[in-house]
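Numbering (this note's numbering), first residue to last: 686 to 1258.
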C-alpha cells in the first residue's frame, strides 16, 4: 500500500503504521463501492448478450417460416410398401394414384442344357484337327520322307495308323486317309473320319474331321499324332459369341478342352465384357451336377442376351425371359399401362420416384409435409417463450436475496409486452380469410407470459387450410402484404441490429463502466498521493515524539539527581 513504512512507530512506540492502514481502508471503502457497480454493469452486459442471442433464435425461426420453399415440402406414402415404395421432391403436386404391378423388371439368364461331372470338364471337345501350315498347291509334296507315320484316334478307342511313302502330296494324304481300311464307321460317308482340303488366303490346308457332320462330344473326338517333318496338326479354336441388348457383339475365343471353370474366367475377365456374369453352379444332380449360368448385369430388355454362336458341347437355354417373356417392369397407374426397363423410375408421377418391390396393388399418395411446418411453428413458439422468460426472470425483484434482476431499470424490461403485441398481429394475405392471426392456429397466452398452441386447432388448420396457413406466414408480394413471419423477422432484426435497442443498452452500460473505471482510477491516485503525504507526516510525528521521549527521559533523570541531592542535605542537619 502506498505510504507503507516498515519502521513507522518504532521511535514513538505507537502503531502509527496500523493507524495509517486503517485510515486508508476507510477511505478505500468509498472507492470499492464504486468498483462494485462495475460488476453489476458487467452482469448486465452478459445478460444483454443472452437476450440478444435468444432474439436471434426467434429471428431465425421466423425467417424459416418466411421462406415459401419451406412450405413446398412434401411427403409420399405407399399403402403397401411390399408392393412399391416411393420418394418425393419438394413442390410435387398433391395427389393420390392407384398402382398395380403385374411384372417386375428382371435380369435375363441362361443355363447350360446339360450338366458335367466336374467343373474341370471340357466345354469344347475337338471333332476335327487341321494342319498348322498351308501349301501353295494341294498337289505339292507334304510328306517328303518314306517311313513317316500318322496315328488318327477317333472317339475313345478307334485308331487309324497310316504309314506313308515319300513324296506324298496333300491330295495323296487325303486319299490315303479316306480310303484306309480301318476308316470305316457310321459317319455320313460310312467312315470314322473324313480328310479334306480347304483354302485360306491363297494357301491350302488339310482338315481331318469326324465323318458325322453333326457329331459332338467324346464319341466324335478326333486327335492326330504324327512324325511328319514338314506338316503338323492341331485342334482349331472355336468361338463363343453374344451381345447384350443393342450393344456390340462380343466374341470369346475358346481353345480345345477348355474347362467349365476356365470358360467362366474367359467370359468374366474379357475386356469387352458388356455386362454379363458367368458362374459354375452345382444343381445337385447325382452324376452331372455342374452347369454354366450366364446372367445379364442389367435388368430389363436392354439387358437381354442374344447368342450369335454357342459351343456345340455346351449349349445354353434361356431361363429368365424365355419364350419372349418380357424382362421389363409392367404396371398400370390409374388404369393406364406402362412398362419400364428398371423397377425404379421417376417419370410417371412428376416429382415422385417409385421403386417396385413385388406384384400387387398399392396407393401412392403425395401430400404436404405438415409435420415439418408444424415443427417450424412450434420452433417459433419455443423461441418466443425462451426470450420472454429470460427477460422476465432478470427484470423482477428477488425476495429471497432482496435484489432486482440485472435488466431492471433498462428499456428491455418492457420487451415482453413488445413481443406479446407482435404475436397478435393480423395478416390478411389469404383471400379466404380463414387464417389471419395466430389465434386461428390455436394461440393461447399463459399466466407466466409464455404462449402455447392448441394442437388440435393447429393440426386442423394445416390439414384443411394449408394455403391459408402458408399465406399468413409468407404474405402476398403481389398485393404488397407482409407476412407474419417477415414481420417478426424484421422486428427482431431491428432489436438486435447494430443500431437497435439492445446495442443501445450495451453501449450505455459500457459507457457507465468506462466512466466508473476512470473515477476509480482517479480516486485511487488521489488516495495514493494522500497517504504518501500522510506517511511522511507520520514519520515526522514519530521522530518528534521520539525526541520528546528522549527529552522527557533526560529531564526525569535530572530531576531525580536534584531530588536525591536535596534529600542528602536535609538528613545532615
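Heads up, the beta-carbon is just placed ideally off N, CA and C, and yes, glycines get one too.
In this text the structure is predicted, and so the values were computed from the model without any measurement.
Candidates the options, of which the one nearest residue i by Cα
| i | options | result |
| --- | --- | --- |
| residue 1018 | 811, 730, 745 and 783 | 783 |
| residue 748 | 1206, 1246, 1185 and 1171 | 1171 |
| residue 1081 | 1097, 1071, 1067 and 989 | 1097 |
| residue 951 | 941, 963 and 942 | 963 |
| residue 739 | 968, 967, 1100 and 1089 | 1100 |
| residue 759 | 1159, 772 and 788 | 772 |
| residue 903 | 770, 956 and 807 | 807 |
| residue 792 | 930, 934 and 819 | 930 |
| residue 937 | 920, 955, 944 and 921 | 955 |
| residue 1000 | 925, 957 and 1064 | 925 |
| residue 820 | 892, 767 and 794 | 892 |
| residue 833 | 851, 1056, 1067 and 1191 | 851 |
Where residue i falls, given that 16 or more other Cβ within 10 Å makes a residue buried
| i | result |
| --- | --- |
| residue 799 | exposed |
| residue 887 | exposed |
| residue 1132 | exposed |
| residue 1069 | buried |
| residue 1257 | With a pLDDT of only 47 at residue 1257, under 50, the local geometry of the prediction cannot be trusted, and the value read off the model is given with reservation. It is exposed - the Cβ of residue 1257 has fewer than 16 other Cβ atoms within 10 Å. |
| residue 1177 | buried |
| residue 1130 | exposed |
| residue 916 | buried |
| residue 1241 | exposed |
| residue 729 | buried |
| residue 1034 | buried |
| residue 786 | buried |
| residue 805 | exposed |
| residue 803 | exposed |
| residue 778 | exposed |
| residue 715 | exposed |
Distance between residue j and residue i (C-alpha atoms, nearest Å)
| i | j | result |
| --- | --- | --- |
| residue 1244 | residue 709 | 42 Å |
| residue 844 | residue 866 | 11 Å |
| residue 1021 | residue 1030 | 16 Å |
| residue 1188 | residue 1182 | 7 Å |
| residue 857 | residue 986 | 55 Å |
| residue 824 | residue 880 | 15 Å |
| residue 983 | residue 796 | 17 Å |
| residue 1246 | residue 1228 | 27 Å |
| residue 842 | residue 913 | 23 Å |
| residue 1053 | residue 1153 | 13 Å |
| residue 875 | residue 1028 | 57 Å |
| residue 1094 | residue 1203 | 23 Å |
| residue 817 | residue 1039 | 60 Å |
| residue 1072 | residue 1134 | 11 Å |
| residue 907 | residue 897 | 11 Å |
| residue 1047 | residue 1056 | 23 Å |
Residues that DSSP places opposite residue i in a beta bridge
| i | result |
| --- | --- |
| residue 737 | Paired residue(s): none; residue 737 is not in a bridge. |
| residue 1082 | 1089 |
| residue 1263 | Outside the shown range of the chain, which is 686 to 1258, sits residue 1263, and nothing can be said about it. |
| residue 890 | 883 |
| residue 1018 | 784 and 1021 |
| residue 964 | 978 |
| residue 984 | 792 |
| residue 928 | 991 |
| residue 1036 | In the DSSP output, where bridge partners are listed per residue, residue 1036 has none listed. |
| residue 843 | 839 |
| residue 908 | 838 |
| residue 1003 | 795 |
| residue 1050 | 762 and 781 |
Residue i in three-state terms, based on DSSP
| i | result |
| --- | --- |
| residue 821 | coil |
| residue 1197 | helix |
| residue 1064 | helix |
| residue 826 | strand |
| residue 1211 | helix |
| residue 1023 | strand |
| residue 1166 | strand |
| residue 792 | strand |
| residue 903 | helix |
| residue 1243 | helix |
| residue 802 | coil |
| residue 975 | strand |
| residue 767 | coil |
| residue 779 | coil |
| residue 1031 | coil |
| residue 774 | coil |
| residue 1128 | strand |
| residue 895 | strand |
Any non-hydrogen atom of the ligand ATP closer than 7 Å to residue i Cβ
| i | result |
| --- | --- |
| residue 838 | The ligand ATP is not among the ligands present in this structure, which contains no ligands whatsoever. |
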